[in-house]
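Engineer:
Residue numbers (my numbering), protein chains in the order written: chain D, 481 to 953; chain C, 1355 to 2014; chain B, 10 to 218; chain Z, 6 to 308.
(1) If the cut-off is 7 Å on Cβ atoms, which residues from the stretch 126-152 of chain B count as contacting chain C, listed in chain order?
(2) When you compare the CB of residue 186 (chain B) with every CB in chain D, is at least one pair closer than 9 Å?
(3) Are three or more beta carbon pairs between the stretch 663-672 of chain D and the stretch 1975-1994 of chain C nearer than 8 Å?
(4) Would you call the stretch 44-59 of chain Z in contact with the stretch 1783-1802 of chain C, where contact means no fewer than 3 C-beta pairs closer than 8 Å?
(5) Note down, in chain order, every chain Z residue with its Cβ under 9 Å from the Cβ of residue 1899 (chain C).
(6) Residue 1839 (chain C) and residue 1872 (chain C): beta carbons closer than 9 Å?
(7) For the putative contact between residue 1449 (chain C) and residue 1589 (chain C), defined by C-beta atoms under 8 Å, what is the C-beta separation to the nearest angstrom?
(8) Determine the extent of the alpha helix (DSSP H) in which residue 29 (chain B) is found, giving its start and end residues.
(9) What does the alpha-carbon distance come out to for the pair residue 17 (chain Z) and residue 1884 (chain C)?
(10) Name the chain D residues whose beta carbon is nearer than 8 Å to that of residue 164 (chain B)?
(11) Can you check whether the CB of residue 1860 (chain C) is closer than 9 Å to the CB of residue 1683 (chain C)?
(12) Taking the alpha-carbon positions, what's the residue 1822 (chain C) to residue 1468 (chain C) distance?
(13) With a threshold of 8 Å, are at least 3 pairs of Cβ atoms found where one atom belongs to the stretch 1718-1734 of chain C and the other to the stretch 1703-1710 of chain C?
(14) Please list, in chain order, the residues of the stretch 1986-1998 of chain C that have any C-beta partner in chain B closer than 9 Å.
(15) Cβ atoms of residue 296 (chain Z) and residue 178 (chain Z): under 9 Å apart, would you say?
(16) If we call anything under 9 Å between Cβ atoms a contact, is residue 67 (chain B) one with residue 187 (chain B)?
(17) I'd like to know if the stretch 1915-1923 of chain C and the stretch 113-133 of chain Z are in contact, where contact means that at least 3 CB-CB pairs between them fall below 8 Å.
(18) Does the CB of residue 217 (chain B) have a neighbour CB from chain C at under 9 Å?
(19) Can you pull the chain B residues whose beta carbon is under 9 Å from the beta carbon of residue 706 (chain D), in chain order?
(20) Among residues of its own chain, excluding the 5 on either side of residue 44 (chain B), which ones have a beta-carbon nearer than 8 Å to its beta-carbon?
(21) Return helix, strand or coil for residue 1901 (chain C), following the three-state DSSP convention.
(22) Which residues in chain Z have a C-beta closer than 7 Å to the C-beta of residue 1747 (chain C)? List them in chain order.
(23) Where does residue 1407 (chain C) fall in DSSP's three states?
(24) Tell me the DSSP secondary structure of residue 475 (chain D) in three-state form.
(25) Under 8 Å, CB to CB, which of the residues in the stretch 820-845 of chain D have a partner in chain B?
(26) From residue 65 (chain B) to residue 646 (chain D), what distance separates their C-alpha atoms?
(27) Sorted by chain position, which residues of the same chain lie with C-beta nearer than 7 Å to residue 903 (chain D)'s C-beta, five sequence neighbours on each side aside?
(28) Distance, Cα to Cα, residue 1578 (chain C) vs residue 639 (chain D)?
(29) Of all the alpha helix (DSSP H) runs that stay within the bounds of the stretch 1569-1602 of chain C, which reach a length of 4 or more residues?
(30) Which residues does DSSP pair with residue 1864 (chain C) in a beta bridge?
(31) Suppose you measure from the CA of residue 1877 (chain C) to the CA of residue 1477 (chain C); what does that come to, to the nearest Å?
(32) Hey, how far is the Cα of residue 200 (chain B) from the Cα of residue 939 (chain D)?
(33) For residue 208 (chain Z), collect the residues of the same chain with a Cβ closer than 6 Å to its Cβ; drop the 5 residues on either side in sequence, then sort them by chain order.
(34) Please report the distance separating the alpha-carbon of residue 1857 (chain C) from that of residue 1677 (chain C).
(35) From which residue to which residue does the alpha helix (DSSP H) around residue 211 (chain Z) run?
(36) How many whole angstroms separate the CB atoms of residue 1482 (chain C) and residue 1444 (chain C), which I take to be in contact at a CB cut-off of 8 Å?
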């Protein structure tokens, strides 16, 4: 019942927000909701493995991602408030913003815990809808275009994925399974006809690629990042991508023990490598900070896809990576939002000399650069290292070297632009003295990056246990 | 206790960002002194004992990371500590002008990185487990990168720094691949010690090559050196001093560390190291001679000295391979001693160059001149460094080269024909390097410090403060100590060498020679001072007069213009070595009919052919190609859907035709 | 009988490729709704009443009346008469649609899925592909909406193909999907029309690289 | 006893230039100055006052002293056939060579200290040529070490036991090589001509243009000793160490004198190289040295 209650609460809260139209009310209610979500994560952690309201199960992977979501929703709420204070966009829009934020969080939570493919699918569809509203928040042409593209393409993608699911259910019917419950599917998957499984997996992969932001439908996600308000971008490229990942991961767990696993791995490697390569080449043309981070998300999702194809150690690395990437990328987006306050633009060419203008922010950017390019002491280094270890263990030497090469390119591009932002000569006719940024706004970022380092080098036992049980399928 | 202190330091470094500007330097100094005391004590302990020290430092994934200090690590730790200390002392004076310009966060960040560079280098020497080693290695690169771009307001600094970072990362990738490959091949421990299993079961050359490239990029062997001549000039002088003094030695450390695990077919490895080292030595100094930038010139000399070190190590390896103990012992002894020596005189030279820069604000050699009258102390230190780096007696550079020489000459008798020829080649190489070094440093010292001033603001120049001279004094004392009392360092050196060669006691045989050397050096000293006195007496009786330099009956000479320039000094050698130096001269040659020629402009540019053909052009090509192929984000929704369709189709076909 | 309907459905797909007038699309979608209803009706005679209600709701109410009505409003709102010229000639697009149909059926034949009447499967695949194709060749946002709906119909067919006992959840999911398709996309489409003063896709290509 | 070599070298050094001068004079049919004229000149210079350029610094004052000191010390490295020199140890010839290098370094920077273009030119050439000639000496020593398995002057020369006719060849080429190296090191014909009067074509002379009085005297004295040091090397090289002492002394002096005469003859009958021909000519010496090395390899049956 818990989750149903949770959904009910979220719907009530969002509708209240929508109706009452008060700034303070927004804050209180949203914070209340975030608190509920955290409570839910805690509850799910305590009642690990229990099935709730028929279609939901508190399994390890869900718990991990939901915890990530809880943490990020705190920070995102905080930064949304800052954002809305700085970009006044009318009370109506603000209410829509908060309402859809609430719904987005709740539907993502649902997607994490769903144990029934159709239910999960419904939740994912819902996230598309609400995130589109959020992307459209600024009501600009660009925002509209981005929202439209995202909504359209990912709905088509999701539809394709749904066809895959239908197909799966069709074959499962043949084996006398009436529903799309994942446990049962996993049990009978061995006996299914591999070709059907392949078709299913292919359709689902392509369909959810829009959500996870990997090749082939990665393009719209990138656009969405560009137009969305930065707290929303932080969400899109972290928790929302995790939703897409989960969608693929769920199906992967079903096919993991069937005969097509090699085919699946090959497919994942192709997708992952293509994604990394795509981000590397597109980054060379980048002119816009948020797009740069968006493409880096593409790269990291590619790494995760590759990792997923490498057996147990790979799974471990993949989940580690997705958690770390969520934290790091969110932190970077918050900071870039702060950068925006100074330069009033996300275009790289409009920025410069940030380290002098705002030293603390500069430190954050540097730390973020080191973290996102997976240089030690970032935790991402650990996960990528595990990926390479697994790659070598499976004798994918050439692939590993190719990926290393692409990483070098990516580091080059990131370094070029990040250090342009930090050190290049300041843009003309702007006086930055007027702007005073409260130092505490950067705490969230330091916390996130610090968390990544800490979890990377000295992960607490419960964390590793969660991951271990998540990959034991 | 000490380990707790050490861990504490690692955490305390955050404190830099909380302190106000004026306490930063003191804080850094205190931290560093603590680090130095702790680690040096460990180092000295392990130097004296046969067993390496083993302490648990921390945990990754709940697995212990050990600090393991054997004699090799201990040696490097001591070198690092000394040079980093002098560097920080020098910084106190050198950074003064920057305090006004830079925000306190920037200064704090600089010192933070300096301390972390120090820590990272220590870790590199102390960690054996591959993962922690790699982490330390990368942290070393990153912190040094941030040190290099300290003066980011100057143009090109940023680009140079980025190049440096990327090349370091490539090196890192090679090392990573090396470790992973050996780990995959021989499922031994994922650490240096794990390598030995691989090397026992496989032919070592391939893996060694991977590691050599990875570490060689850091060490700056030609043709892997291309970051070095740019990063050093860009960095502030105390940083270039420590980078060239110790950081590039970490590459040597890595190579040595790997070599300790290789015991089978060493001959190709030895030959490889030897040939590439001779190449680096000769080409490095040749390219140094034609440079116009003082610090760039010194940077190329680092390459040369890495070459000398490499020659030592190379013949050492050959000695082990061919079972000629004398060659092995003296080769390694010379190479390792030269590591220490180079760290001394190179940092000295860079600090002196820093003095020059801080006073004249230019690094272009041909704009300087006559500085010895304005800053005699600096000139003296530079001369000392120059004599030392040229390997002239009675200074430390000579001692290490002497060891290498005697090893080579002694072993001539034992080797077979090929060995003899190899040794002959190395001898000639070493001799040429020495000669070229003399050529180069007579040039640079004279043009910078002697003669008359060439640039205009000569009047503003004055000697730097004592806080910038004190560290030089420390270094010079070390240089003279090694130069005049070499027999004292033989024993500890032997300890280090014993890691590679069993019977390092052979080294003792040379102590008589070294004693003789120090006596003769003393004799020179006595004779010089005696003559000085005699001349005083004689000249008191006879009359001394002063006048302008004898212009060979041409009285119109303007000394500032007509004296010999660095470019013209380097010219004849540049012509001999035209193929590598690529000197371009821009000028309009006089024709028959202009009897009264107008004012003419003449300038020369030199380019590093390796850098051009091995790094610049390929990198540009690759990037251009990739950029051209980046056409997928068209902004057109139809295309985006088309990708999905095509993707499905391709996968479908691949599956149908059984490709995947 | 069912086969005949399916063939008719295929014909509608081809006609989609042929016509250039926007209101034809609307009409065609309505026709498809009717066809789907009849197919479903024939297919699921022995279904419980709830399921029947669902099917009725989806096909007749939504697909046959609601959607065309809604689309017409959108069309008038953006006063669209005929779509801009296709990016490839009609002749070829027809050929390609036919090709896609054939592909669908061949595929369906190749893997005879037990419990899926392969003809449903084939037509749904064909519908998906031709829907995607339709989107790809049209430069008009409105036609994109239409293409989306074609794909939706294909999905509905597949859900029929799954067999008699279609889980309620699935139909629920389809409902949501259609809801999204119509309301949200439609709303956004109107927005696009208002903001850009045109529904041509070329306006919507600011975000690139 | 161990000072024998040093003393003899000093003596022969003093008479050396006189002999050369006489020979040259006789060949051109002049009477020429007395044997000890050059020594008188030096002595007079010692007493003279000196002129210093205002451009110069303490480097200029220091260099002659160091130059002299290095050569004076180097001369104690040489053995007297079967008697060790004062400094005799393994690898002493390396130190020997590097002492010369130290002196050269100081002279070069001293020349550049005056800030005169001519002296700079000379210094530049000096640096280049001495750099190129260095390998020849080392290869020669290397080949001797290869034969004798010893690496100090004394033992090298003591253990040289030539039997076959090939060894004669080695001796001949070696001697030739030593003479040529001496010519280059002391900047005589064909590399440089001390008697030329055009600064543009000088090497060593132009470097010391600004020296006068005491310093000049020191430098010239040092040059004399440098010459006779090479003579001593040749003597040690050619004469067998087994003869009785007095014969050896005579032989030593004889060799020195013959060496001086040869130099005189060479300088009279041989033209100076074109300046830009010098490098290849000097490199050829190293090539010949390699030839010696190979000959030795054959000699000890490595080939």
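C-beta atoms are modelled at their ideal positions from N, C-alpha and C, and glycine is treated no differently.
Structural biologist: The answer reads as follows:
(1) Those residues of the stretch 126-152 of chain B that come within reach of chain C (Cβ to Cβ, closer than 7 Å) are 141, 144 and 145.
(2) Yes - at least one Cβ of chain D is within 9 Å of the one on residue 186 (chain B).
(3) No: the two stretches stay apart, fewer than three of their Cβ pairs being nearer than 8 Å.
(4) With the cut-off at 8 Å, the stretch 44-59 of chain Z and the stretch 1783-1802 of chain C do not touch.
(5) Within chain Z, the residues near residue 1899 (chain C) are 54, 55, 56 and 57.
(6) It is a contact, given that the beta carbons lie within the stated cut-off.
(7) No, residue 1449 (chain C) and residue 1589 (chain C) are not in contact; Cβ-Cβ is about 13 Å, not under 8 Å.
(8) First-last for residue 29 (chain B): undefined, no H or E at that position.
(9) Here the C-alpha atom of residue 17 (chain Z) lies approximately 24 Å from the C-alpha atom of residue 1884 (chain C).
(10) Result: 639, 642, 643 and 646.
(11) Taking 9 Å as the Cβ cut-off, residue 1683 (chain C) and residue 1860 (chain C) qualify as a contacting pair.
(12) Each residue's alpha carbon lies about 18 Å from the other.
(13) With the cut-off at 8 Å, the stretch 1718-1734 of chain C and the stretch 1703-1710 of chain C touch.
(14) Listed by position, the residues of the stretch 1986-1998 of chain C near chain B (Cβ gap below 9 Å) are 1987, 1988, 1989, 1990, 1991, 1992, 1993, 1995, 1996 and 1998.
(15) Cβ distance < 9 Å, so residue 178 (chain Z) and residue 296 (chain Z) count as in contact.
(16) Against a cut-off of 9 Å, the Cβ pair of residue 187 (chain B) and residue 67 (chain B) comes out as a contact.
(17) Touching, yes.
(18) Contact of residue 217 (chain B) with chain C is assigned, a C-beta pair being separated by under 9 Å.
(19) Using a Cβ-Cβ cut-off of 9 Å, residue 706 (chain D) is close to 216 of chain B, given in chain order.
(20) Short of 8 Å from the beta carbon of residue 44 (chain B), and not among the five residues preceding or following it, lie these beta carbons of its own chain, in chain order: 14, 17, 18 and 21.
(21) The answer is strand: DSSP assigns residue 1901 (chain C) an E or B state.
(22) By Cβ distance, chain Z contributes 100, 103, 104 and 107.
(23) Reduced to three states, the DSSP call for residue 1407 (chain C) is strand.
(24) There is simply no residue 475 (chain D) to check, as chain D begins at 481 and stops at 953 in what is shown.
(25) Only those residues of the stretch 820-845 of chain D whose C-beta falls short of 8 Å from the nearest C-beta of chain B would be listed, and there are none.
(26) Roughly 20 Å separates the two Cα atoms.
(27) Hits under 7 Å: 833 and 835.
(28) Using only the alpha carbons, I get a separation of about 53 Å.
(29) Fully enclosed alpha helix (DSSP H) runs of 4 or longer: 1582-1588 and 1591-1596.
(30) For residue 1864 (chain C), DSSP records no beta bridge to any residue.
(31) Taking the straight line from one Cα to the other gives about 44 Å.
(32) Taking the Cα positions, residue 200 (chain B) is about 48 Å away from residue 939 (chain D).
(33) Setting aside the 5 residues that flank it on each side, residue 208 (chain Z) is surrounded in the same chain by 127, 130, 131, 192 and 197, each with a C-beta closer than 6 Å to its C-beta; the list follows chain order.
(34) For the pair residue 1857 (chain C) and residue 1677 (chain C), the Cα-to-Cα distance works out to about 12 Å.
(35) Per DSSP, the unbroken alpha helix (DSSP H) holding residue 211 (chain Z) starts and ends at 209-212.
(36) Taking a contact as a CB-CB distance under 8 Å, the pair residue 1482 (chain C) and residue 1444 (chain C) does not count as one, their CB atoms being some 32 Å apart.
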